[in-house]
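Here is the structure we will look at, set down as C-alpha cells.
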Amino acid sequence: MAPRIDEQLAAIGNDVFQRHPHPTHVTGRKRREMNGVLMSALLPPVEVEQGLTGCRGASEPLGPSRLSLAVHPMNVQVFAPPEWAGTLLANTAAQWQHLGETEPRWSVLTAEAFLQEHLAENLESFYASGLAELATLDATLARAGLGERRFQTCVELGCGVGRVTHALARRYATTGVDVSAAHLAIANHYVQSLGLPSVRLAQLLSIEGIKSLGRFDVAYSRLVLQHNPPPVMAALIAALLAALNPGGVAYFQIPTFKVGYRFETREYLESSQQTHMEMHYLPQATLFKIIADAGCRLLDIREDDSIGMSSTALSNTLLVERPLNQDPAPPLTP
Ligand SMILES: C[S@@+](CC[C@H](N)C(=O)[O-])C[C@H]1O[C@@H](n2cnc3c(N)ncnc32)[C@H](O)[C@@H]1O
105 MAPRIDEQLA
115 AIGNDVFQRH
125 PHPTHVTGRK
135 RREMNGVLMS
145 ALLPPVEVEQ
155 GLTGCRGASE
165 PLGPSRLSLA
175 VHPMNVQVFA
185 PPEWAGTLLA
195 NTAAQWQHLG
205 ETEPRWSVLT
215 AEAFLQEHLA
225 ENLESFYASG
235 LAELATLDAT
245 LARAGLGERR
255 FQTCVELGCG
265 VGRVTHALAR
275 RYATTGVDVS
285 AAHLAIANHY
295 VQSLGLPSVR
305 LAQLLSIEGI
315 KSLGRFDVAY
325 SRLVLQHNPP
335 PVMAALIAAL
345 LAALNPGGVA
355 YFQIPTFKVG
365 YRFETREYLE
375 SSQQTHMEMH
385 YLPQATLFKI
395 IADAGCRLLD
405 IREDDSIGMS
415 STALSNTLLV
425 ERPLNQDPAP
435 PLTP
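Numbers given in the working numbering equal positions in the sequence shown, counted from 1, plus 104.
Now the structure itself:
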C-alpha cells in the first residue's frame, strides 16, 4: 500500500530540512520566502490557512477576502469567434514557451527561491509542494462527501514542469497537458526520473485538442486558467467538464474578479506582448452558467490565495461534479 500523504510529506520534510538547512547567510525576505514555500509544502492546507504564508508569492497571511461587496461589474467579452480563440491560445502558448525557456520553475511558483540561480537547493521543496496540493484535493473531496468514491483517471490542464503531476500520478492514471513544449520537456524528464509509468504528457495545440484525450474521472487545474484571456478560459472549462465521466469531478482554480478589469478581444490582440505573464479574470456568473450548461453541479467553492489575498481581486477554487446517474456528455468528436 502506498504511504499516506502525510507520511510522504513528513519524509520529504525531513529530507529537505536535513539536506538543505537554510544557510545562515540567508536572512530577511529571502529566508521568509523559503520558509513559506517549505511550510506550505509540508503542512496540511488547514494549518497553512491559519496564518502561515501560501506558496505562490503570497506575502500576506490568509484570511477572508477584503474585496468590498460594492464593486462595479467587470466589462468582459467572454465569447470570441473560434478563429480568434485559436489566436488567443497561440498567444498564450508563445508567452509560456518563452517563460519555459528562460525561468521554468519560477514561472510556475514566482518565488525567488525558484529562480535558476537558487534552484539546486530548492528543487525538492518545489516538487514537495505538489504533494501538498494532492492533500488539499483529498481534503476537498472528503469535505464534499466524496472521500470514498473511486477515481481512476485524471487530466491535469497546464501541468507545467510536473510539480503536481507527479503527485496526481501516485493516485490516478494521469494525463498532463500544457501549451508549452519547454515546460513539458522538464515535466517529462522529472516523471521519468521517478519511474512513474502511469503518466502521459501531451502538448495542447488547440482547445479542441482536449477532446482527443478521452474522458476522465478527475480534471485538475491550478495556476493556469488565470493566464488565459476570458474566451479561452470559458472554452477550456467547458471542454474539461465535457470530458468528465459520470461521477467525475473537476477541481480548478480561477480568478473571478478584479477591480477595473475589462477585456475586449480585438483590443487585446492589438496590444498583447508575447513574453509577459498575464492575469485574466472570468466573472463568477459566467462560470456558473458554463457549469450548468455542461450538466454539472458545483459542490464546493473557496476563495484562495493563488493570486495573493487582495482588496481588489478575487480568486476561487471550485469542485464541480458530473452527477453519477447522468448520461455521458455529448460525444467527444473533435
Ligand atoms: C503557473 S504554471 C502552473 C503549472 C502547474 N499547474 C503547477 O501548478 O505546477 C502555468 C502553466 O500552465 C500552462 N498553460 C497556460 N495556459 C495554458 C492552456 N491554455 N492550456 C494548457 N496549458 C496552459 C503554462 O504553459 C504553464 O506551464
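Glycine included, C-beta positions come from ideal geometry on N, C-alpha and C.
Could you pull the DSSP bridge partners for residue i from this structure?
i, result
"Asn420", "Ile358, Glu407"
"Gly280", "Glu260, Leu305"
"Arg401", "Glu425"
"Arg366", "Asn179"
Per DSSP, what kind of secondary structure is residue i in: helix, strand or coil?
i, result
"Pro335", "helix"
"Phe255", "coil"
"Tyr231", "helix"
"Val175", "coil"
"Ala347", "coil"
"Ala239", "helix"
"Ala323", "strand"
"Phe183", "coil"
"Val439", "Within the shown structure, residues of the chain are numbered from 105 to 438, placing residue 439 beyond reach of any answer."
"Tyr294", "helix"
"Arg275", "coil"
"Leu494", "With the chain covering only 105 through 438, there is no way to say anything about residue 494."
"Gln330", "helix"
"Glu312", "helix"
"Asn226", "helix"
"His270", "helix"
"Leu250", "coil"
"Ala194", "helix"
"Gly204", "helix"
"His380", "coil"
"Arg209", "helix"
"Ala215", "coil"
"Ser414", "coil"
"Gln430", "coil"
"Leu436", "coil"
"Leu317", "helix"
"Leu439", "Since the first residue of the chain shown is 105 and the last is 438, residue 439 is not available in this structure."
Got a sec: does ligand 1 put a non-hydrogen atom nearer than 7 Å to the Cβ of residue i?
i, result
"Asn332", "yes"
"Trp188", "no"
"Ser172", "no"
"Arg209", "no"
"Thr196", "yes"
"Asp408", "no"
"Leu344", "no"
"Cys258", "no"
"His502", "Nothing can be reported for residue 502, as the shown portion of the chain is limited to 105 through 438."
"Ser376", "no"
"Val303", "no"
"Ser316", "no"
"His202", "no"
"His287", "yes"
"Arg326", "yes"
"Gly399", "no"
"Gly262", "yes"
"Ser284", "yes"
"Leu219", "no"
"Val322", "no"
"Leu373", "no"
"Val295", "no"
"Arg274", "no"
"Val336", "yes"
"Val353", "no"
"Val182", "no"
"Leu308", "yes"
"Leu227", "no"
"Leu241", "no"
Between residue i and residue j, which are expected to be in contact by the criterion C-beta below 8 Å, what is the C-beta distance as a whole number of angstroms?
i, j, result
"Gly352", "Phe320", "6 Å"
"Ser233", "Ala273", "Contact doesn't hold; Cβ gap of about 15 Å is too wide."
"Tyr355", "Thr244", "6 Å"
"Pro359", "Met383", "7 Å"
"Ser310", "Asn195", "Contact doesn't hold; Cβ gap of about 13 Å is too wide."
"Ile394", "Ala347", "14 Å between Cβ atoms; not a contact."
"Leu219", "Glu207", "6 Å"
"Thr269", "Arg304", "Contact doesn't hold; Cβ gap of about 10 Å is too wide."
"Arg326", "Gln357", "5 Å"
"Leu241", "Asp282", "That belief does not hold up - the Cβ atoms of Leu241 and Asp282 are roughly 19 Å apart, past 8 Å."
"Val424", "Leu329", "The Cβ separation is near 13 Å, so there is no contact."
"Phe183", "Ala338", "7 Å"
"Ala306", "Leu298", "About 19 Å; that fails the 8 Å criterion."
"Asp408", "Thr416", "Rounded, the Cβ-Cβ distance is 16 Å, inconsistent with contact."
"Val175", "Val363", "6 Å"
"Tyr385", "Tyr372", "Incorrect: roughly 13 Å between the Cβ atoms, too far for contact."
"Gln181", "Glu368", "5 Å"
For chain B, check one thing: does any of its Cβ atoms lie closer than 8 Å to the Cβ of residue i?
i, result
"Leu227", "As a matter of chain content, chain B is missing from the structure shown, which is built from one protein chain."
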